[in-house]
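Everything on this sheet refers to the single structure shown next.
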Amino acid sequence: MNRQADPAPDEKAKLLDENEQLRTALESSLEENMQLAEDRDRLRDRVVMLARELKLATTTFMPVRASSDQTLDLRELQQSQTEEELRVAFEELQVLAEELELANTGLQRANEDLEARVEARTREITRTNAELSRSELRFRTLVEGMPQLVWRAVGVAEWTWASPQWRAFTGQSLEESLGLGWLEAFHPDDRAAARGAWAEAHTRGGLVFEGRICHAGEGRYRHFHTRAAPVRSAEGRVLEWLGTSTDLDDILSLQARQAVLVGELQHRTRNLMAVMQAVMLRTIKGSQSLQDFQRQIDARMQALARVQGLLSRRDAGTRVAFDLLLREEVSAHVTLNAEGNGRQVSIEGPADIPLQSSLVQTFGLALHELMTNAVKYGALSTPSGMLRITWEERPTGRDGAPRLFVDWRESGVTNMPEPGARPRGSGYGRELIERALPYQLGAKTRYEFTPDGVHCTIEVDIPDRAEVLEKRHG
Amino acid sequence: MGDLDLKGLNILVVEDEYLIADDVKTALSGAGAVVLGPAPTVDAATRIIAGAPVIDGALLDINLAGDMVFDVADVLTARQVPFAFATGYDRASIPERFASVPRLEKPIKAAELGTLLGTLIGR
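Listed below in structure tokens is the structure:
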């Protein structure tokens with residue numbers, strides 16, 4: 058963090074202010090100190106001079122007194138004058154000495170006081186500095202640890218600092234991001250909005266806007282929510298702006314995905330109801346009695362429920378595999394072992410061949426009708442009957458694309474209707490196979506009565522394994 | 683379809699689910715209409731429209747095995763053919779330009795279908 062990143066500018070201003078006062082006090086104390094020292098020196102000089110005069114006066118007086126009496130009067134006069142001077146000088150000296158003493162004491166007190174103040178101030182500054190550096194450390198740790206891109210600005214949108222995350226995300230250097238440089242990282246179409254938001258940030262007392270920021274690593278723009286709040290002085294003046302840009306891209310795509318899923322669910326539910334309505338109408342038409350209707354509609358609703366179960370149990374984005382659909386339907390009527398064999402049934406083919414999701418429901422219903430007919434009139438209605446279902450991939454699609462080829466063969470059935478005769482039962486299964494499957498996904502189907510049982514083939518496109526969520530089934 | 687008379691009208695039906703398409707076809711035929719289609723895909727619908735000199739009205743399922751029907755709707759609009767959507771989608775999924783197109787929610791009631799088409803076509 059550079060020097061501009063120190064926190065609490067207010068606190069700093071206050072400290073500077075107090076230090077200035079202390080400095081002034083210190084300077085005036087020093088000046089006073091010097092004045093006192095000068096006074097003291099002057100006093101000392103004066104004392105020295107007076108002492109010298111006194112000594113001179115004494116030595117002059119003594120020999121004069123001893124050598125001659127004629128000049129005594131004059132000498133006495135001189136002497137008394139000198140004595141008077143000395144006395145005055147001593148008195149003066151005494152006063153000066155007292156003043157000096159007083160000045161020294163005052164000076165000492167002032168110095169002690171100053172010393173104490175400096176010491177206290179130093180302690181306080183040390184403590185505040187430690188506090189500041191702790192708070193700065195906290196600030197930096199917070200800023201560099203949070204997922205948001207953090208930045209600071211002054212005036213209108215003039216960045217003074219960008220967090221390491223900003224630099225890492227956008228690939229800009231600190232210098233490139235400063236001033237209005239940060240705008241370059243935004244999508245060209247979103248820069249006007251960013252400028253507009255800044256233009257009214259001061260009057261609004263805050264900055265808020267949405268805009269895409271280019272992710273240097275991914276080489277694409279991601280949606281961001283950017284906001285900033287002013288940092289104000291005690292007087293309410295805006296010192297700078299502290300801002301964050303939050304990545305909304307994942308949330309937005311999740312929201313979009315959720316909206317798609319909700320729409321899909323609604324669509325599927327409505328569609329399923331429409332299919333149930335259609336199945337109901339068919340069943341009414343093909344029923345001889347209410348009891349017959351109840352039995353048939355019950356079986357068909359269960360078949361639809363099994364298909365819905367398969368569709369909803371699969372993992373997101375995957376498809377229902379044919380072997381799963383077949384096994385589910387056959388198992389609803391007869392018991393199969395792990396190898397796909399039952400007493401009169403064998404199923405055999407590769408696992409995991411995916412089915413177009415829009416086909417699963419109709420395919421499931423068709424298999425249900427085939428099984429129902431086999432149980433009622435076909436291979437599973439007689440002990441001698443055998444149902445053999447095999448499937449494989451064949452390169453018969455467009456440009457040799459693989460298609461699923463299903464072979465349903467019943468054998469050992471006596472009393473088969475003549476070829477071309479009216480089907481036994483409702484004919485619903487046959488309609489699904491011969492008309493619904495080709496209609497819905499270009500399936501090629503064949504359904505025929507052979508002398509010893511039904512033979513049915515179904516050939517459909519195999520879709521890509523992964524299902525694109527947005528491409529909804531209808 | 684009751685007493686509704688769609689006699690001789692050419693009605694295009696676009697619906698990918700066979701069972702529903704067949705029911706709609708039966709209902710419309712029962713009211714005397716000539717059903718064009720039903721078409722399960724956008725391509726099939728486009729081919730039918732191109733080959734039909736007269737189309738009096740249409741019923742369009744919105745989602746056709748993952749493809750949206752709106753291209754077909756645009757062609758019909760250009761030909762000034764009145765049509766309605768049949769769907770499980772809410773209005774928000776339908777583009778703004780089709781905001782005034784009537785919408786039948788699935789499952790469709792046969793009577794509603796006939797009444798709506800009759801009103802659309804002006805019978």
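One line per chain: the protein sequences are L and P, in this order.
Under this note's numbering, the first residue of the first sequence carries the number 58, and numbering increases by one thereafter.
Under this note's numbering, the first residue of the second sequence carries the number 683, and numbering increases by one thereafter.
Ideal Cβ placement from N, Cα and C applies to all residues, glycine included.
Please read these numbers as outputs of a predicted model, since none were measured by experiment.
Could you give the residue range of the alpha helix (DSSP H) that holds residue i?
i	result
Pro-50(L)	Since the first and last residues shown for chain L are 58 and 531, residue 50(L) lies out of range.
Asn-328(L)	306 to 342
Leu-498(L)	494 to 498
Arg-357(L)	347 to 370
Thr-708(P)	700 to 712
Phe-752(P)	752 to 760
Leu-795(P)	792 to 803
Thr-728(P)	724 to 733
Ser-234(L)	231 to 234
Arg-487(L)	485 to 488
Would the beta-carbon of residue i fall within 8 Å of that of residue j?
i	j	result
Gly-421(L)	Arg-492(L)	no
Gly-739(P)	Leu-691(P)	yes
Ala-721(P)	Leu-688(P)	no
Leu-444(L)	Ala-431(L)	yes
Arg-195(L)	Leu-79(L)	no
Trp-216(L)	Leu-235(L)	yes
Ile-737(P)	Val-763(P)	yes
Gln-536(L)	Asp-518(L)	The requested residue 536(L) does not occur in the structure, where chain L is confined to residues 58 to 531.
Leu-701(P)	Leu-741(P)	no
Leu-299(L)	Arg-289(L)	no
Val-463(L)	Ile-515(L)	yes
Gly-486(L)	Leu-437(L)	no
Ala-406(L)	Trp-448(L)	First, the amino acid is wrong: residue 406(L) is Gly here, not Ala. Cβ distance < 8 Å, so Gly-406(L) and Trp-448(L) count as in contact.
Ile-1(L)	Arg-376(L)	Coverage of chain L is limited to positions 58 through 531, which leaves residue 1(L) absent and any answer about it impossible.
Ala-408(L)	Ile-490(L)	no
Leu-143(L)	Val-104(L)	no
Thr-227(L)	Ala-273(L)	yes
Leu-83(L)	Leu-157(L)	no
Ala-251(L)	Ile-270(L)	no
Leu-498(L)	Ser-415(L)	yes
His-425(L)	Glu-386(L)	yes
Along the chain, where does the beta strand (DSSP E) containing residue i start, and where does it finish?
i	result
Leu-741(P)	739 to 743
Glu-292(L)	That residue, Glu-292(L), is in no beta strand (DSSP E); it is neither H nor E in DSSP.
Phe-462(L)	460 to 468
Thr-375(L)	Careful: Thr-375(L) lies outside any beta strand (DSSP E) and carries neither H nor E.
Gly-510(L)	510 to 518
Thr-502(L)	501 to 507
Ala-768(P)	765 to 769
Glu-787(P)	785 to 787
Ile-776(P)	Per DSSP, Ile-776(P) belongs to no beta strand (DSSP E) and is neither H nor E.
Leu-694(P)	692 to 696
Ala-721(P)	716 to 721
Is it a yes or a no for the segment 740 to 753 of chain P touching the segment 763 to 782 of chain P, going by three-plus beta-carbon pairs under 8 Å? yes
Could you please tell me which residues of the segment 321 to 338 of chain L, in chain order, have their CB closer than 7 Å to any CB of chain P? Gln-323, His-324, Thr-326, Arg-327, Asn-328, Met-330, Ala-331, Val-332, Gln-334, Ala-335, Val-336 and Leu-338
Beta carbons nearer than 8 Å to chain L: which residues of the segment 786 to 801 of chain P have them? Glu-787, Lys-788, Pro-789 and Ile-790
Please list the segments of the beta strand (DSSP E) lying wholly inside the segment 381 to 444 of chain L, counting only runs of 3 or more residues, in order along the chain. 402 to 405
Taking one C-beta from the segment 500 to 512 of chain L and one from the segment 684 to 698 of chain P each time, how about it: are there three or more such pairs within less than 8 Å? no
Could I get the ranges of all uninterrupted beta strand (DSSP E) runs contained in the segment 238 to 272 of chain L, with 3 residues as the minimum, in chain order? 264 to 272
If the cut-off is 9 Å on Cβ atoms, which residues from the segment 403 to 423 of chain L count as contacting chain P, listed in chain order? Gln-413, Ser-414, Ser-415, Leu-416, Gln-418, Thr-419 and Leu-422
Would you call the segment 158 to 167 of chain L in contact with the segment 88 to 103 of chain L, where contact means no fewer than 3 C-beta pairs closer than 8 Å? yes
Proximal residues, the segment 742 to 753 of chain P versus chain L, C-beta separation under 9 Å: Asp-743, Ile-744, Asn-745, Leu-746, Ala-747, Gly-748, Asp-749, Met-750 and Val-751
Closer than 8 Å is the cut-off here; do at least three beta carbon pairs connect the segment 384 to 398 of chain L with the segment 451 to 469 of chain L? no
Taking 8 Å as the threshold, find out whether the segment 200 to 207 of chain L comes into contact with the segment 221 to 241 of chain L through three or more Cβ pairs. yes
Contact the segment 279 to 288 of chain L vs the segment 300 to 308 of chain L: 3+ CB pairs below 8 Å: yes
With 8 Å as the limit, tell me which residues of the segment 241 to 258 of chain L have their beta carbon closer than that to any beta carbon of chain P; keep them in chain order. none
Taking any Cβ of chain P, which residues in the segment 485 to 496 of chain L have a Cβ under 7 Å from it, in chain order? Arg-492, Ala-493 and Tyr-496
Validate contact between the segment 242 to 251 of chain L and the segment 263 to 278 of chain L using beta carbons, cut 8 Å, 3 pairs: yes
Residues of the segment 692 to 719 of chain P in Cβ contact with chain L at a cutoff of 8 Å, in chain order, please. Asp-698, Glu-699, Tyr-700, Leu-701, Ile-702, Ala-703, Asp-704 and Asp-705
To test your reading of the DSSP string, which unbroken beta strand (DSSP E) runs of 3 or more residues are found completely within the segment 139 to 211 of chain L? 206 to 211
Using a Cβ-Cβ cut-off of less than 7 Å, list which residues of the segment 720 to 734 of chain P approach chain L; keep chain order. Pro-722
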